[in-house]
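One structure is given here, and the rest of the page talks about it.
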Amino acid sequence: MVIRVAHVGTGNVGRLALAALLGNPAYELTAVGVSTEHKVGRDAGELAGLDLRTGVPATAGLDDVLASEPDCVVYCAMGDTRLPEAMADCRRILEAGVNVVGSAPGVLQFPWGVIPDKYIERVEAAARAGGASIFVNGVDPGFANDLIPFAFAGTCSSIEQVRCMEIADYATYDGAEVMFDVMGFGREPGDLPILYQPGVLSIAWGTAIRQLAAGFGLEIAEIRDMVEQEPAPEDIDVAVGRIAEGTVAAVRFRIEGFVDGGADGRPALVIEHVTRLREDLRPDWAQPAQPGGSYRVEITGEPNYVVDICPTSRKGDHNHAAIVAAAGRIVNAIPAVIAAPPGIRTPLDLPLITGRGLFGAGV
């Protein structure tokens, strides 16, 4: 039976998730919701960047999305800078009896121990009321933190530390809001965006730390985070504009999960990001396994592992490939999420998403 799916948000992840929906015969697109006026009325195929007319025009807000009676909504609206609104949207969709897979709000990837229980309970109550489920995921935080580590750790006889890394050149990334307002590129060093304010990284990637801990059966006693910024040695032109000399052009941040009784205070779990706008900046920081960027999982144990994930695409560079992966992660989870019990779902309680039905898919 074809699954009826509506879509919300057509930004960087959203437009590729929409393309994935349109290319998969298992899904029937019922509606597209957008938040910017100039997109209202445009065909879904155009918004997905495809040479395809679907007959499904974009509408503003959620009213028409829910009126289309979908089985599931793919929610890709911005959540980083509008968390309360994104949470409210998801509660409304769930209360209407519609399942949700999404790239946002990120705190719902694994909220337990990360955000106050009252906010979790509001989402769970909405899910119970509607008999629906929600699954939020991506790449990092996402499958590079919650799928790959467990796959390799499951072959070990002992583990001391698990480290997950994103090492990437963001020069070609064209999401201005993420680059300037979230990541803080182009700002004076020390002028920290909200992501780097004390404790915020521990929330944003605390979901990954807490989920790893749950999978490994660890009790996290403390989460710490740190950030370093590197100024541009001269003006650097990137996809979102010019980064002026002396403003932030590279950043490294780390989130560490500590367990009571850890050897010499060493963190058991580490999430680390090294993000440059030019490959020669801070050569002493970790380097990617392929030009442009890669993801890495390092397991210290018996045996040790260093696993490099190198996404590429015929339609773009490493940044494009990573966004395709983020979109695919949620779109391919739709059948499992619909079949799951009501509530916030994670990779720890969903079946393995295998890519079933994808041979021959795509437009």
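Those letters in the sequence shown? Residues 63 to 425, per the working numbering, in order.
Ideal Cβ placement from N, Cα and C applies to all residues, glycine included.
In this text, all values refer to a predicted model and were calculated from it rather than measured experimentally.
Can you tell which of 275, 215, 115 and 225 has its C-alpha closest to the C-alpha of residue 173? For the set 275, 215, 115 and 225, the Cα lying nearest the Cα of residue 173 is the one of 275.
Nearest neighbour of residue 181, chosen from 374, 145 and 296 [CA to CA]: Checked all of 374, 145 and 296; the closest Cα to residue 181 is 145.
Are the Cβ atoms of residue 270 and residue 199 separated by less than 8 Å? The answer is no: Cβ separation not under 8 Å.
Considering only residues of the same chain and omitting the five flanking positions on each side of residue 141, which have a CB-CB separation below 7 Å? Taking C-beta separations shorter than 7 Å and ignoring five residues to either side along the sequence, the partners of residue 141 in its chain run 148, 166, 167 and 168, following chain order.
Which of the three DSSP states, helix, strand or coil, is assigned to residue 349? Secondary structure at residue 349: coil, using DSSP grouped into helix, strand and coil.
Residue ranges of each alpha helix (DSSP H) run of no fewer than 4 residues wholly in the segment 347-413, ordered along the chain? Counting whole runs of 4 or more residues, the segment 347-413 contains the alpha helix (DSSP H) stretches 380-393 and 396-401.
Per-residue DSSP class, three states only, for residue 89: Shown here, residue 89 sits in a strand according to DSSP, grouped into three states.
Considering only residues of the same chain and omitting the five flanking positions on each side of residue 37, which have a CB-CB separation below 8 Å? The structure shown has nothing for residue 37, since the chain only spans 63 to 425.
Closest by C-alpha distance to residue 327, when choosing among 77, 308, 286 and 301: That would be 286, whose Cα lies nearest to the Cα of residue 327.
Beta-bridge pairing of residue 290 - partner residues as DSSP gives them: Partner(s): 314.
Compute the Euclidean distance between the alpha carbons of residue 179 and residue 186, then round it to the nearest angstrom. One Cα belongs to residue 179, the other to residue 186, and the distance between them is close to 10 Å.
Pair every Cβ in the segment 251-269 with every Cβ in the segment 365-381, then say whether three or more of these pairs are closer than 8 Å. The segment 251-269 vs the segment 365-381: no contact.
Nearest to residue 257 (by Cα), restricted to the options 416, 291, 281 and 383: If we check each option's Cα against that of residue 257, 291 comes out closest.
Same chain, Cβ closer than 6 Å to residue 76, five either side skipped, listed in chain order: If we look at residue 76 and ignore the five residues flanking it on each side, its Cβ neighbours are 138.
Residue 137 - DSSP class collapsed to helix/strand/coil: In this structure, DSSP gives residue 137 an extended state, which the three-state scheme calls strand.
Inter-residue CB distance, residue 134 and residue 102 (contact presumed, cutoff 8 Å): About 23 Å; that fails the 8 Å criterion.
What whole-angstrom Cβ distance do residue 255 and residue 243 have, given they're in contact under 8 Å? 6 Å between Cβ atoms; contact.
Taking all protein chains shown into account, do 16 or more other C-beta atoms lie within 10 angstroms of the C-beta of residue 395, making it buried, or fewer, making it exposed? Under this definition residue 395 is a buried residue.
So, do the segment 334-350 and the segment 221-233 have three or more beta carbon pairs nearer to each other than 8 Å? Because the criterion of three Cβ pairs below 8 Å is met, the segment 334-350 and the segment 221-233 touch.
Residue 220, DSSP secondary structure in three states: In the structure shown, residue 220 adopts extended strand secondary structure according to DSSP, grouped into three states.
Where in the segment 94-147 do unbroken runs of the beta strand (DSSP E), each at least 3 residues long, occur, reported from the N-terminal end onward? Here the runs fully enclosed are 120-122 and 134-137.
Would you identify the three-state DSSP class for residue 264, choosing helix, strand or coil? Here residue 264 sits in helix by DSSP.
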